[in-house]
Amino acid sequence: MSATATSFRGALAQTIVYVLAAASGATILVTHVVRGDSSFGILTGAGILLTFGTLAVMSGRTTLQLHREARNAVGQVSVGIPGD
Numbered sequence: 049m050s051a052t053a054t055s056f057r058g059a060l061a062q063t064i065v066y067v068l069a070a071a072s073g074a075t076i077l078v079t080h081v082v083r084g085d086s087s088f089g090i091l092t093g094a095g096i097l098l099t100f101g102t103l104a105v106m107s108g109r110t111t112l113q114l115h116r117e118a119r120n121a122v123g124q125v126s127v128g129i130p131g132d
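Positions 49 to 132 (my numbering) are the ones given, in order, by the sequence shown.
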């Protein structure tokens, strides 16, 4: 397994975690809006959703870039110094 494939899997896992955190923020936001609770809960949910949604998009872009690099690296032989 190449380093790019390992990096891709790590980036994909990180993106999934960010998406789940953004979903959690959305759940908090919707719950507090429906209940009509304090504005603190609404701001908290919105902040979590905005923060982790942004991180999920950025991480997703990185994941797609690593996926393209991994796909392009298939079949290529690296010419380097052995043991490097």
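Note that CB positions come from ideal geometry on N, CA and C, so glycine has one too.
Item	Value
Three-way DSSP call (helix, strand, coil) for G84 in this model	coil
Backbone CA spacing between G89 and L114 [nearest angstrom]	37 Å
Inter-stretch contact at 8 Å, needing at least 3 Cβ pairs: the region 55–66 / the region 81–95	no
Where T111 falls, given that 16 or more other Cβ within 10 Å makes a residue buried	buried
Given T92 as reference, the closest of A69, R109, L77, E117 once Cα atoms are compared	L77
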